[in-house]
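Chains as they are written, first to last, in the UniProt record's numbering: chain C, 1 to 265; chain Z, 1 to 271; chain S, 1 to 275.
A virtual CB, placed ideally from N, CA and C, is assigned to each residue, including glycine.
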Amino acid sequence: MSVPRRWRRPPLLIANPVLRYSVYGGVLVYLVLAISSVEVNWTRIYEGLDRGLRFIEGFLVPDFTTRSRDIWLGMVESLTMTVTSTVAGILISIPVGIGAARNIAPMPVYAVCRALIAVSRSFQEIIIAILFVAMFGFGPLAGFLTLSFATIGFLSKLLAEDIEEIDESQAEAIRATGAGWWQVINYGVQPQVMPRLLGLSLYRLDINFRESAVIGIVGAGGIGATLNTSMDRYDYDTAGAILILIIVIVMLSEYGSSQLRKRVQ
Amino acid sequence: MPVSIRDGRPVWQRRTPARQWAIWAAWLALVVLTVYCWQVMNRGTIWAFVEDAPQQAADLLSRSWPPAWHYLDRLWWPLWDTVNIATLGTLLGIVFAVPVAFLAASNTSPSTAILRPLALFIIVASRSINSLIWALLLVAIIGPGLLAGIMAIALRSIGFIGKLLYEAIEEIDPAQVEAVSATGASRLQVMDYAVVPQILPAFSGISVFRWDINIRESTILGLVGAGGIGVQLESSLARLAWSEVTVIFAVILVTVIVSEWVSAKVRQAFI
Amino acid sequence: MLRVEGLTKRYKAGDHALKGVSFTVEPGQVVGLIGPSGAGKSTLIRCVNRLVDPTAGKVFLNDAEITSGAGDLRRVRRRIGMIFQEYALVERLTVMENVLSGRLGYVSFWRSFFRRFPAGDIEQAFRLLDRVGLTEHADKRADALSGGQRQRVGIARALEQNPELLLIDEPTASLDPKTSRQIMRLIVEICRESNLPAIINIHDVALAQMFVDRIIGLRAGEVVFDDVPSRLDNAALTAIYGEEDWAAMRKTAEDDAEDDAEATQARIERMAGLV
């Protein structure tokens, strides 16, 4: 019996060789064009290296004391903003999420809720923050509104998807007992989505804290404003201290929420 | 015991009294915390500004409309830059994230005493800091421009891709790894034949997902000088040219929708 | 020929998995290794190709010791083919890549990375796929195959190594009774053809008795039975597994065997009718 002595692995994605090589060629051309459109000012980078070193020094030997008052105020704003916006966001997300679930909401309600989610998700938090600052003035209230709005887009979408994926037979069994709409939600839907909703809420708490450190750059309060000021002043020791605080708080809250999730689920 | 005896009859309750009290106390604590935070947060709020917010909003809307469509001509080049920041930044992020993920995964890490904690720290540090903050730092160090934006996106992507990828590596089927090792394959060959095929779908999904997020992020990096369409946004905002801002928002919206569509298509293809 | 001398394995957690196991397997001999779960069957075969490092004892393959210290692991493993429980194919690679992965111990990393295997290896892989009846599936992904087909790929992968010994871990664990027999038959035939010694780790005693030349019974890390299958009586089974009504099991096994014999008879008669 004669068998082949050569074997080539079949291509993974695109079977047609002409198409495959033109895709490869297209990607290559794009990369060349994209990279060549990046202008690099080497003298500026060379001058900046010194600052880079100072920044690393600032990170390794942070200065928590000189501007301790600013850091403290910024942190308090960030943390309070995080808590209030997460709570407000969850409270609004639950009805919006229920309304955006195709299997339990009537069509007009579904359309309105889905539109709200789409708007909230399409824009970066920073862009929302710019608008809210323009309307409500500088300060953490604008930040609170921004984060609440962003939370709605995030939580409602995931909650709606969860509700759409529930085990229908459980809800049906409750409906069969003669339960009303609210009772079906309470007995047939809520127990199925509750653990994940809790996990997502804690996850969003983490995200809101991280975002609260950024929106200050456009004037919406929080530690981001302090960080921005210290960078403007070339005060890298304070900037390093703020970054370390952010990292530590994120680590702590991630650890805390993972412990809490383990206990609840 | 949820069932207790009262007046000689069994009474069913959902929870034991102690547990019920604990739950009520937790809810109460949450409410108190929220109210307290709300008050602390609003100590500096000037409520007069808040009261005339509807007026401000109406004013803003009237100045934003009609959009200054002619401004569109000057947005194509920044848009090209924005897409490049996201794409090149994601690619650069992948280059660093892949080795970090292999060092961080408990089943592939060569040293659990030093390298694994280090890799995990890199991931946490990168994830904690938003790309806009990375951009702020990089603009101060290497100067404004695309390069700062690309590096900011890359630095933020390392943590995101690294975390999801190392979780995927930890979930691979060990039997396939054992089987390839049993043929006498070297460490690298085991990676190539047993580990990589198992994580490839997750890896491509994660990368495209992050690219999609990075498109959004790169639209605003220009606010701190890191290139892209955000630079135009910054200058229009500074001039209070809200009709131009409307055009920029419209362009961003369309870009985001297109990138989401592309990423969904590509993810489908890789499964 | 495989010689195992005083093989002992104590895990760090303190489990004493193997307590001085010794035996010799002659060329072409197929040995069934039976015993309750946790008796050390899996540890024993993994100690032979050093997926698990034994605490004490020696293993000789064709008179060369393969347990000695830091000796080249790659060289040891590539001489020993292994077939796994639930196949352990790399699901997302093609059938051909899975078979060729049997040559990984012989080729350089770059050669294997670019899938440029020597022509001889590829020729052998096609011959093996033909032998196990999967030639037309060569370029399919492994996860597109049925259970029996996957185990055939697993067999081809092990044989692609040109092994001097086959280690087989629960080859029929997730297969239906008919496919299990086909797989066992194929393994035994292949060992006969190339005079290859094999150790089959197996739960199904009846299936083992039907196919293997010799049975070793392991209990709590010690050999408690080592003889031809026909000598495995109720007393021996009790020594291996503990007290149980063995007569009932034997009865069903014999019925099965009769069914099998009848099926063979029927096939022969049908073919005779054709002539």
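Its chain contains S156, L159, A160 as the residues whose beta carbon lies nearer than 6 Å to that of G97/C, once the 5 sequence neighbours on both sides are disregarded; these appear in chain order.
Beta-carbon to beta-carbon, V247/Z and Y71/Z are separated by about 5 Å, close enough to satisfy the 8 Å threshold. When the Cα atoms are used, L73/C and A225/C turn out to be separated by approximately 10 Å. A Cβ-Cβ distance of about 6 Å is found for the pair I216/S and V31/S, placing them in contact under the 8 Å criterion.
Under the DSSP definition of a beta bridge, M82/S partners with L167/S. In the assembly as shown, R187/Z is an exposed residue. Its beta-carbon has fewer than 16 other beta-carbons within 10 Å.
Measuring C-alpha to C-alpha distances from E164/C to each of A129/C, R233/C, N103/C, P195/C identifies N103/C as the nearest. Residue burial is scored here from C-beta neighbours: W12/Z has fewer than 16 other C-beta atoms within 10 angstroms and is therefore classed as exposed. Annotation: V30/S is outside any alpha helix (DSSP H); the continuous beta strand (DSSP E) that includes it extends over 30-34. Across the region 119-147 of chain S, CB contacts with chain C closer than 9 Å involve A119, G120, I122, E123, Q124, A125, F126, R127, L129, D130, T135, A138, D139, in sequence order along the chain. Sequence-distant partners of A105/C (beyond 5 residues in either direction) whose C-beta falls short of 8 Å from its own C-beta, in its chain, are I98, G99, C113. Among the residues facing chain C, L253/Z is included, as its CB has a counterpart in that chain under 7 Å away.
Each residue's CA atom was taken as its position, placing G184/Z and V177/Z some 12 Å apart.
Of the candidates S181/Z, S4/Z, V245/Z, the residue whose Cα lies closest to the Cα of P17/Z is S4/Z.
Excluding its 5 nearest sequence neighbours in each direction, D227/S has no C-beta neighbour in its own chain below 6 Å.
By the criterion of at least three beta-carbon pairs nearer than 8 Å, the region 192-209 of chain S is not in contact with the region 101-114 of chain S.
Nearest Cα to L232/S within the set E222/S, E123/S, V212/S: V212/S. Between the region 147-161 of chain Z and the region 232-248 of chain Z, the count of Cβ pairs shorter than 8 Å is below three; the stretches do not touch. The beta-carbon separation of T34/Z and T84/C, rounded to 6 Å, stays under the 8 Å limit for a contact.
For a cut-off of 8 Å, the C-beta gap from I80/S to V48/S is around 7 Å, short enough to register as a contact.
Three or more beta-carbon pairs drawn from the region 112-127 of chain S and the region 149-169 of chain S are found closer than 8 Å, and the two stretches are therefore classed as touching. Along the region 165-184 of chain Z, the positions whose C-beta sits under 7 Å from a C-beta of chain S are A175, Q176, E178, A179, V180, S181, A182, T183, G184, read in chain order.
For G225/Z, none of the residues of chain C pass the 9 Å Cβ criterion, the least Cβ distance being about 11 Å.
Identification of residues in the region 49-76 of chain C having a C-beta nearer than 7 Å to some C-beta of chain Z yields R51, G52, F55, V76, given in sequence order.
Contacts between E193/S and chain C, judged by CB atoms closer than 7 Å, are missing: the closest CB pair is about 15 Å apart. Going by DSSP, E222/S is part of the beta strand (DSSP E) stretching over 222-227.
Neighbours of V23/C in chain Z, taken as residues whose beta carbon is under 9 Å from its own, are absent, since the nearest beta carbon is some 12 Å off. DSSP links F60/S through a beta bridge to R3/S, E65/S.
By the Cβ criterion, the region 35-47 of chain C is in contact with the region 78-89 of chain Z, since at least three pairs of Cβ atoms, one from each stretch, lie closer than 8 Å.
The shortest C-alpha to C-alpha distance from F209/Z to any of V262/Z, Q20/Z, I252/Z, R63/Z is the one to V262/Z. Taking a cut-off of 8 Å for Cβ pairs, the region 206-217 of chain C and the region 145-154 of chain C touch, as three or more such pairs fall below it. In terms of Cβ geometry, A125/Z and I247/C form a close pair [threshold 7 Å]. With respect to the C-alpha of F113/S, the residue from I206/Z, Y193/Z, P10/Z having the closest C-alpha is Y193/Z. Rounded to the nearest whole angstrom, the CA to CA distance from S204/Z to I94/Z is 10 Å. Residues of chain S whose Cβ lies closer than 7 Å to the Cβ of S186/Z are, in chain order, R74, F109. Interface with chain C (7 Å Cβ-Cβ cutoff): I220/Z is included.
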